[in-house]
Each structure stands twice: as structure tokens, then as C-alpha cells.
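Chemist:
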Amino acid sequence: MASAVSVQTPNAAQNFEKNELYSIGPNFWNIRGRFKILKLFDIGTQMSIIRLRNGKFIILDTVEMNDHLRQQIDHLTNYGKNIKAVIGTHPFHTVSFPAFYQAYPTQLTTEHQDIYVG
1251 MASAVSVQTP
1261 NAAQNFEKNE
1271 LYSIGPNFWN
1281 IRGRFKILKL
1291 FDIGTQMSII
1301 RLRNGKFIIL
1311 DTVEMNDHLR
1321 QQIDHLTNYG
1331 KNIKAVIGTH
1341 PFHTVSFPAF
1351 YQAYPTQLTT
1361 EHQDIYVG
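Quick note on numbering: the numbering used here labels position 69 of the sequence shown as 1319, and the sequence is numbered without any gaps.
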């Protein structure tokens, strides 16, 4: 199923579009997102998706998802059923965690339930 995902493969000189899934290498995807300071300055953020040998996925950081990006992630991860873990590498990269967990609620760990669900 994952091989049918429509993704772009950028070259080094190409600019990344926001909220678009890019294949960076075998079993590794990246999404660039917006992160605005004072709602004026977009300094950007990113999310990465890694497919493990067992076919499951690890999400590194999260970005705000639009419908198109959500459909790409759904298709890649079997609607989130193959997401094994979501890891935040920096506090700024966790701003979109609540919305991500709302989209993929079965991926909550006990620690994340305490923090993000209440």
C-alpha cells in the first residue's frame, strides 16, 4: 500500500512546498510546515516519517496538517494503524501534537495521554 503514495522527490536546489510529503530516501519522508512567531514571521518547522524494517512507522515531530497531507499520511501508514511511535525532538516541534493525536488517537502512549488529553 505504501508504494502507491504520491510523493515528490526534491533535489538539493529545489524549495520544499509546505504541507507536502517528500521522499528523501528509502523509507524516509519529510514534510515542511509553517511555524509563525507573533503570527507574522514564518520560521518553519518540519516532520519526518521513518518506515521501520517491520513495516511500522515512527513520526519525528509533527506539523499542522491540511486535508491533502492527512490523506498522504493515511495512505502511507494505513490510516495511522502502522504508526508505532510519535517523538518530539524539541518543544517547538510539539505544538501540533494535540491535532496529530486527534487525527490518530490510537497512537497515544500513557505518557502522552496524561499530557495531551488530560
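Note that the Cβ used here is the ideal one computed from N, Cα and C, for glycine as well.
Taking just the CA atoms, how far does Arg1284 sit from Thr1327?
Modeler: Translated into positions along the sequence shown, residue 1327 becomes position 77. Translated into positions along the sequence shown, residue 1284 becomes position 34. Rounded to whole angstroms, Thr1327 to Arg1284 spans 23 Å at the Cα level.
Chemist: Alpha carbon to alpha carbon, how far is Ala1349 from Ser1298?
Modeler: Your numbering for residue 1349 matches position 99 in the sequence shown. Your numbering for residue 1298 matches position 48 in the sequence shown. For Ala1349 and Ser1298, the distance between alpha carbons rounds to 16 Å.
Chemist: Pick out the complete alpha helix (DSSP H) segments inside the region 1291-1347, 4 residues or longer, and give them in chain order.
Modeler: Those alpha helix (DSSP H) runs which fall completely within the region 1291-1347 and span 4+ residues are 1317-1327.
Chemist: How would you write the range of the beta strand (DSSP E) that Arg1284 sits in, first residue to last?
Modeler: Within the sequence shown, the letter at position 34 stands for residue 1284. Run containing Arg1284: none; DSSP gives neither H nor E here.
Chemist: If I'm right that Tyr1354 touches Ile1337 with Cβ under 8 Å, what's the distance once you round it to whole angstroms?
Modeler: If you number the sequence shown from 1, residue 1354 lands on position 104. If you number the sequence shown from 1, residue 1337 lands on position 87. Their Cβ separation, rounded to whole angstroms, is 14 Å, which puts Tyr1354 and Ile1337 out of contact at 8 Å.
Chemist: Could you check whether Ile1300 and Asn1205 sit closer than 8 Å to each other, using their CB atoms as the reference points?
Modeler: No answer is possible for residue 1205: the residues shown for the chain start at 1251 and end at 1368.
Chemist: Rounded to a whole number of angstroms, what is the C-alpha to C-alpha distance between Lys1331 and Tyr1351?
Modeler: In the sequence shown, counting from the first residue as 1, residue 1331 sits at position 81. In the sequence shown, counting from the first residue as 1, residue 1351 sits at position 101. Spanning the two alpha carbons is a distance of roughly 13 Å.
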